[in-house]
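Count along the first sequence from 1, then add 9; that gives the number in the numbering used here.
Structure, as structure tokens:
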Amino acid sequence: MKIQNVKGSMDYLPEEQIIRNKVINTLSNTFEEYGYLPVETTTLCYYDLLASKYAGGAEILKEVYKLNDQGERNLALRYDLTVPFSKIIAMNKGLNLPFRRYEIGKVFRDGPVKVGRNREFYQCDVDVCGIEGQYVEAELFSMAFSGYNKLGIDIYIEWNNRKFLSGLILESGIEEALISPVILSVDKLAKIGEDGVKKELESYNISKNSLDKLFSYFKINISDLKSTFEASNNSLLKEGIEEIINLDNYLNGLGLNEAKFTPYLARGLEIYTGTVWEVFDKNQTVTCAIGAGGRYDRIITNFINDGNTYPAVGMSFGLVPICEILNKNNEENTNSLYDLYIVPMSLDEEIEALKLANALRNKDIKVMIEMKKRKIKKCMEWANKNNIGYVIVIGSDEVKSHEIEIKDMNNYNTNKVSIDDIDAMIDIIKK
RNA sequence: GCGGAAUUGGUGAAGUGGUUAACACAUUGGAUUGUGGUUCCAACAUGCGUGGGUUCGAUUCCCACAUUCCGUCCCA
């Protein structure tokens, strides 16, 4: 048996995992500042539950991992965090709406594998169920800027409205049945250009006039929306325009200038019903979207199907691209994993070293103790290799004199401190 | 999923139908017995993704499979 990972899955070793944890912590803190609470839902689900009325469509079902337990139950691994979100709302009638939750967890999809795209991966979702309108969406935009900025990533957001986009397509004279393929093509506009999109749409027999009209609409400004479509009786379009103007007012009021209205942005097919947005790295360290979100008023409603409506909106932070950016930005980052390294000279100092280490650990110093009895020279080399800032060697002399030396590994300085004076040590190490 | 390319130690890699599979970095030990990054020495793939086939002989040629990368579909 060869030892290897399953296709599309991978392990993260400490160097990487430390960054991932940092990202997860920073984002969790941000979410909680905005009133979203943590949940953890099951990865194992009944297959029927995952396959039920979810608007994710039949497409996704091809990618679901199915399995059976010993009781012959038909089970599956969750493929996103939205179905579990719907599930807990349906199962916990006592939950007060609006319900704001975030969940960072693994999901599974038996789909194509690429660099940033595995079969077992983390999603990092923040959603609220039970609030209509653009006020909460504006707050989510604020949260996105705040979260990414805390990670040291400068972002801009592209946003649009799905009612508006569908309305535009109809308004251009394209028939309703073609809305889906047109949206899919148009979503690639930034990638393949206007000519590329037109080429893709050739096979649908859409008149040149309609296409030209559609593309001219894509250049419109928010301030011209109302007047341009004044005469139209396209209710979808009108609703979309209302929502766009609404959100734009909030965004202007908040001074979020890096949120750009992008009339051709679509984001997938089945899920979204209103505002949609994508987050990008301003420095283009990675060019794909590093986060995205949107309003989906029908998924939970259809899923629960109890006659009530469950409007929902939320966004997803892309753990993989975020970590990629942080990795690239921190390439020559020499941060050490440990603040201090204590080397006991012999068996007689082992307990002393451990006591000292524990005292410092209680003050949040990360301490590593030499436990392999390596020679001092090797210990120093190891400390240098691992960028450990400070080293304390404890031998019989130190124990006898009750005084230790803290070696500063960045220069050749040493500081003498009483072995009991934890605070003095912390001053030196933390400075 | 489909199309193409790749796979040699911990890592980056060179190489060949035939006896010891270069080199570099990393790692470990030593020169240096209680103290520093340098230098020097030594060790480190009975093995070239896995399984078959051709051959006197395969890491090398052929086939299948696995994995990875690049396109494409879709998405996170």
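Each residue gets a CB set at the ideal place from its N, CA and C atoms; glycine is no exception.
Check	Outcome
According to DSSP, which residues form a beta bridge with residue 304?	322
Beta carbon of residue 313, beta carbon of residue 60: below 8 angstroms?	no
Runs of 3 residues minimum, wholly inside the segment 318 to 403: which ones carry the beta strand (DSSP E) assignment?	321 to 326, 349 to 353, 376 to 378 and 399 to 403
Could you tell me the alpha carbon to alpha carbon distance between residue 348 and residue 393, rounded to whole angstroms?	12 angstroms
Taking the straight line between their C-alpha atoms, what separation do you get for residue 208 and residue 328?	34 angstroms
Cutting at 7 angstroms between CB atoms, please list the residues of its own chain near residue 374, excluding the five before and the five after it.	348, 349, 435 and 438
Could you tell me which residues DSSP pairs with residue 132 in its beta bridges?	114
Out of 352, 223 and 106, which one is the CA nearest neighbour of residue 414?	352
Under 8 angstroms, do residue 431 and residue 366 count as touching if we go by C-beta distance?	no
Among 252, 73, 58 and 113, which has the Cα closest to the Cα of residue 324?	113
DSSP state of residue 27, grouped into three classes?	helix
Going along the chain, which residues of its own chain have a beta-carbon closer than 6 angstroms to the beta-carbon of residue 157, five neighbours each way excluded?	164
For residue 243 and residue 33, what's the separation of their Cα atoms in angstroms?	43 angstroms
For residue 94, name the three-state secondary structure that DSSP assigns.	helix
What is the residue span of the beta strand (DSSP E) that residue 504 lies within?	Here the chain comprises residues numbered 10 to 440, so residue 504 is not present and cannot be evaluated.
Does the segment 210 to 223 come within contact of the segment 178 to 198, defined as at least 3 CB pairs closer than 8 angstroms?	yes
Comparing C-alpha positions only, which one of 57, 80, 39 and 36 sits nearest to residue 70?	57
Note down, in chain order, each residue of its chain lying with its Cβ closer than 8 angstroms to the Cβ of residue 21, except the 5 sequence neighbours on either side.	29
With a threshold of 7 angstroms on Cβ separation, who are the neighbours of residue 408 within its own chain once the five nearest residues in sequence on each side are excluded?	358 and 361
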